[in-house]
Every structure is written in C-alpha cells, then in structure tokens.
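Asks: Input: one structure, supplied below.
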Amino acid sequence: MDAIFFWLLAAGTVLASVGVIFQRNPMHSVVLLIASFCALSGLYVLLGAPFVAAIQIIIYAGAIMVLFLFVVMLLNVPTEDPVHGYHARLLGGAGPRRFGAVLSLLFAVQLFLVLRTLQMTPLPTDAQQPPSTVYDIGLRLFRDYAFAFEATSVLILVAMVGAIVLARREPR
Amino acid sequence: MLPDPTLNAYLLLSAVLFAIGTAGVFLRRNLITILLSVEIMLNAVNLTFVAVDRFRGVVDGQIIVFFVMTVAAAEAAVGLAIIIALFRHKESLNPDAFTSLKW
C-alpha cells in the first residue's frame, strides 16, 4: 500500500517540478509548484513526519507561494520574452547558459551513479519506529536548538526590514 | 507489484528534484522562475533530511527542515523585493537585462 502511494507521489512531484521548469507563464509555474509541494507533503506523511508535512502545506504552499503569486500579479508579466533563432534552442544561447545546462545534466548523472552503488537499505516500518510527534520535536527545538531558534527570529526581522527598504519607492 | 520504497528511492527522488532545480536556474530567463527553481532545490534537500531522519530514528533532521523553511521564507521575501525594485528600473524580468552594475 505504501509502495503505491510512494510511486504515485514521487511521480507527481517530479512531473510537477518539470512542469515548473518548462512553463512559459510564471503563474502556471507557481500553481504547478504548489502541486509539487502538496505531493511532497504526502511523502513526508509516508516517512512518519506529520509535523513537517503540515508546515510544508501551511508555510510553503500557503504563505511563500502566495507571496510569489502576489508578485507575479503585481508585476503583470504574463510570459517570458520569446526567444528566436540560436537562443531558442535548449543548449543554444549564451555561454554560461549552455555551460550550466551541461553541468546540471552531469550533476544528475553523477548523483545517479553514486546512489546506485549504495546497497538497498529498507526503511523502518511504523511498528518498528512510530511517527515522530510534535512533542518530541518541540522538546528538541526549545532545548538543544534554542539558540538557533532565537537567531532565526532575528533573521526574519532583518529580512522583513530589508524587503520593505528594497521594495519601497524612493522619495524624490 | 511495485517494490517497497527504500532509503535509496527517497535519496534518488531528492537527487532528481535537485537536478531539475539546477537545470531551471540555468535554463530559464525569468527571474521569478529562477527563484521558484531555487525553492525546488531547497525542497529536495528537505526530503533528504526527513528520509535520513526516518532511517536513523531521530528528529534532528526535521528541526533542520524547520529552519530551512524559515530561511526559504526570508529568501523569498528579500528576493521578490529585489525583483520588484529591478522591474521598476528596466520593465523586464530577463536576467540578461541587468548587466550593468550601476544605472
């Protein structure tokens, strides 16, 4: 049963992510990415991490992606500039672009080869290892990671001020 | 019958997602899509953290995922603010339009 869900959700995540890359309209890209995140949160449930699954939906799909949607609508740039001739080909265009495409392909092949050499390691089942609860995570977060947690709050404050300063229209 | 998912299956899925994100960053010519590709890469890393967590029977990886998400939120806010500021100057989202350091 788990196997069917895993392969379905994995296929959904990969297909939606490929869709994000190949969409010309940024609006469609954002919506596809939300679909990809929902499938990923299903995978987190399979992995026995309901807390991460919940914040994946609430924070990622809910908050961050809505922020992206706002900006796409605000800027009103429905499609990417069309490209012609040499630049339209997948591996055409400027040097860095072609270099990057080859590099990312190389990276994928390399990761595949490395992960293939690992021996197949089965994951523990729910009976062997019950799903982690929010209680466990909260205890660890506020005891061992308390400093990192406080530092994160400063980071968010700085990001908030920075975003306001950057996006503000300069008074003339 | 489909094989049961192993740790390798999760790691491979994560690697595929990361490669898709990398390809997106290099191939697309739209700043918003590039930021979305970075989000795909961050999520690939999150999946690795949770899968290894499950394998080892600890929750530290899930806490790291929590921090990664906060950093992603901060990155998205600042990145989108920069995109808005750039769009005001050039009326374009093509990264090739922003080649001068001063305008």
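Protein chains in written order, with our numbering: chain H, 786 to 957; chain R, -2 to 100.
Glycine included, each C-beta is placed from N, C-alpha and C at the ideal position.
If you're wondering where the values come from, they're calculated on a predicted model, not measured in any experiment.
By a C-beta neighbour count over all protein chains shown, 10 Å radius and 16 as the cutoff for buried, is T902 of chain H buried or exposed?
Replies: It is exposed - the Cβ of T902 of chain H has fewer than 16 other Cβ atoms within 10 Å.
Asks: Answer yes if the stretch 903 to 915 of chain H comes into contact with the stretch 823 to 830 of chain H, meaning at least three C-beta pairs across the two stretches below 8 Å, and no otherwise.
Replies: Counting Cβ pairs under 8 Å, fewer than three are found: no touch.
Asks: Is the stretch 3 to 16 of chain R in contact with the stretch 41 to 56 of chain R, if contact means three or more CB pairs nearer than 8 Å?
Replies: Short answer: they touch.
Asks: How long is the line joining the alpha carbons of L24 of chain R and N810 of chain H, rounded to whole angstroms?
Replies: In a straight line, the C-alpha of L24 of chain R is about 15 Å away from that of N810 of chain H.
Asks: Between D1 of chain R and A834 of chain H, is the Cβ-Cβ spacing less than 8 Å?
Replies: No, the pair does not count as a contact, with Cβ atoms beyond the cut-off.
Asks: Since L896 of chain H and A6 of chain R are thought to touch, with beta carbons under 8 Å apart, how far apart are those beta carbons, to the nearest angstrom?
Replies: About 14 Å separates the two Cβ atoms, so there is no contact after all.
Asks: Can you list, in chain order, the stretches of the beta strand (DSSP E) that have 3 or more residues and sit fully within the stretch 878 to 931 of chain H?
Replies: You should have found no qualifying run.
Asks: Which chain H residues are close to F52 of chain R, counting only those with a beta carbon under 8 Å from its beta carbon?
Replies: What F52 of chain R touches in chain H: T906, L908, P909.
Asks: Which term fits Y871 of chain H, buried or exposed, when burial requires 16 or more other beta carbons within 10 angstroms of its beta carbon?
Replies: Its pLDDT being 49, under 50, Y871 of chain H is placed unreliably by the model, and the measurement read from it follows with that caveat. That one is exposed.
Asks: How long is the line joining the alpha carbons of L90 of chain R and I60 of chain R, rounded to whole angstroms?
Replies: C-alpha separation (whole angstroms): 35 Å.
Asks: Please classify M850 of chain H as buried or exposed, where buried requires at least 16 neighbouring CB atoms within 10 angstroms.
Replies: The residue in question, M850 of chain H, is buried, as its Cβ has 16 or more Cβ neighbours within 10 Å.
Asks: Could you tell me whether any Cβ in chain R is nearer than 8 Å to the Cβ of P960 of chain H?
Replies: Outside the modelled stretch of chain H, which goes from 786 to 957, sits residue 960 of chain H, for which no answer is possible.
Asks: So what does DSSP say about T3 of chain R, is it helix, strand or coil?
Replies: Strand at T3 of chain R.
Asks: Give me the chain R residues within the contact set of R925 of chain H, using Cβ-Cβ distance strictly less than 8 Å, ordered along the chain.
Replies: Within chain R, the residues near R925 of chain H are V56, D57, I60.
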